[in-house]
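Accompanying notes for the structure given below.
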Amino acid sequence: MNVIAQAQFKTGARRYDMTEGERKIRIEAAAAFRLAYHYRWNLQINNHICVRIPDRPDHFLMNPYGLGWDEITASKLATVRLDGEIVSHDGVELGPAGLNFHSGILEARPEINCTMHVHARPGVAVAATKQGLIIVDQSSMHLYGEVGTHNFEGFAEGEDEVPRILRDLGDGHCLLMWNHGLLTIGRTIAEAFLYMRRLVDACELQIQLMAMGTEIRHIPKEVLEVTRKQIVEKRKSPRYAQTEWDYHCRLAERLDPGFAQ
Ligand SMILES: [Zn+2]
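Under numbering that gives the first Met the number 0, read the sequence shown as residues 0 to 260, first letter to last.
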């Protein structure tokens with residue numbers, strides 16, 4: 000057996016009763032993994048995106064441990080019950096830290112249908128600074144009032160950490176996990192993806208600014224508040240986040256349509 004064959008991922012897909020909603024959301028979820036890989040958000044075979052199955056809300060999709068995100072396809076995603084039981088495949092494993100806090104969020108927050116956690120290098124860099132994230136440009140304004148912080152407690156494998164992650168998220172959609180990485184949540188994949196895109200971009204900008212070593216021009220508080228109100232209005236549209244996500248789905252198809260298999 001050659002090295003590649005040995006390393007090949009075992010996908011013991013089980014026959015089970017897959018809903019129509021699951022068939023559709025599998026493809027959309029696979030696109031999210033490929034796009035995250037394209038943007039270099041994830042760390043090799045680690046990190047997680049979880050997506051609740053719309054017509055089976057106590058089940059969600061998650062990447063099995065061992066696959067790079069460029070290798071993920073719709074049929075390779077594991078279907079997992081909220082209690083952690085894999086129902087779709089035999090012989091696959093889930094990362095314990097990821098399973099723990101993603102399933103914990105989905106269980107506690109029924110309106111949230113997607114969680115994304117990545118170790119994007121710009122995010123890890125900002126998460127290792129004392130001051131944390133600064134919001135200093137128009138694009139990052141979508142993050143204003145949305146970003147909580149969470150202390151590093153070691154690998155997040157214990158269920159007891161979940162309540163603290165939920166507390167630190169509060170009403171926001173983003174978490175800067177100190178000395179660790181980034182987490183976003185959303186009612187849809189589109190929403191969680193939009194927040195992650197903005198969050199990684201803001202961290203990149205901050206690194207560039209810090210490297211310049213020049214004094215930073217901060218946005219006055221009253222302008223921050225005016226802009227926040229404008230964004231609150233934008234969010235009332237059902238197309239908020241969705242238009243950008245539609246573009247990203249087309250991009251995923253152009254990059255490699257094989258993700259949908
Ligand atoms: Zn992590």
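The beta carbon of each residue, even a glycine, is placed where N, CA and C say it ideally should be.
May I have the straight-line CA-CA distance separating residue i from residue j, to the nearest angstrom?
i      : j      : result
Asn150 : Glu252 : 37 angstroms
Ser139 : Ile218 : 11 angstroms
Ile24  : Glu221 : 41 angstroms
Gly171 : Ile104 : 13 angstroms
Asp57  : Arg22  : 16 angstroms
Trp261 : Thr183 : Residue 261 lies beyond the residue range present for the chain, which begins at 0 and ends at 260; the question has no answer from this structure.
Glu160 : Arg186 : 22 angstroms
Arg55  : Met209 : 46 angstroms
Val123 : Arg166 : 21 angstroms
His47  : Gln205 : 25 angstroms
Glu152 : Gln260 : 38 angstroms
His179 : Val86  : 30 angstroms
Ser102 : His116 : 12 angstroms
Phe258 : Arg216 : 42 angstroms
Met17  : Thr78  : 10 angstroms
Ala107 : Glu214 : 42 angstroms
Leu223 : His247 : 28 angstroms
Lys233 : Tyr64  : 37 angstroms
Asp245 : Gly20  : 18 angstroms
Gln207 : Gly11  : 45 angstroms
Arg197 : Asn62  : 23 angstroms
Gly94  : Val231 : 36 angstroms
Could you spell out where the alpha helix (DSSP H) holding residue i opens and where it closes?
i      : result
His47  : Note, His47: premise wrong, no alpha helix (DSSP H); beta strand (DSSP E) at 47-52.
Val135 : Val135 -> no alpha helix (DSSP H), and no H or E assigned at all.
Ala28  : 19-37
Ala77  : Premise fails: Ala77 lies in the beta strand (DSSP E), 77-80, not in any alpha helix (DSSP H).
Ile104 : 95-107
Val225 : 220-234
Gly185 : That residue, Gly185, is in no alpha helix (DSSP H); its beta strand (DSSP E) goes 180-185.
Val199 : 188-211
Val91  : From DSSP, Val91 is part of no alpha helix (DSSP H); its letter is neither H nor E.
Ala264 : Any property of residue 264 remains undetermined from this structure, which presents the chain solely from 0 to 260.
With residue i as the anchor, note down where its beta strand (DSSP E) starts and where it stops.
i      : result
Asp255 : Segment: none, Asp255 is in no beta strand (DSSP E) and carries neither H nor E.
Phe59  : 55-61
His141 : Taken as a continuous stretch (DSSP letters only), His141 belongs to no beta strand (DSSP E), as it is neither H nor E.
Leu174 : 173-176
Ile164 : Where Ile164 is concerned, there is no enclosing beta strand (DSSP E), although the alpha helix (DSSP H) it sits in stretches over 161-168.
Is it buried or exposed, residue i, if we count other Cβ atoms within 10 angstroms and call 16 or more buried?
i      : result
Gln43  : exposed
Gly212 : exposed
Thr242 : exposed
Ile261 : With the chain covering only 0 through 260, there is no way to say anything about residue 261.
Pro256 : exposed
Phe154 : exposed
Arg13  : exposed
Gln7   : Legend: pLDDT at Gln7 = 44, less than 50; position of this residue unreliable, no value from coordinates given.
Count Cβ pairs between the stretch 126-140 and the stretch 60-72 that sit closer than 8 angstroms; are there 3 or more? In short, these stretches do not touch, since the Cβ pair count stays below three.
Using a Cβ distance threshold of 8 angstroms, determine whether the stretch 189-196 contacts the stretch 111-128, with at least three qualifying pairs required. yes
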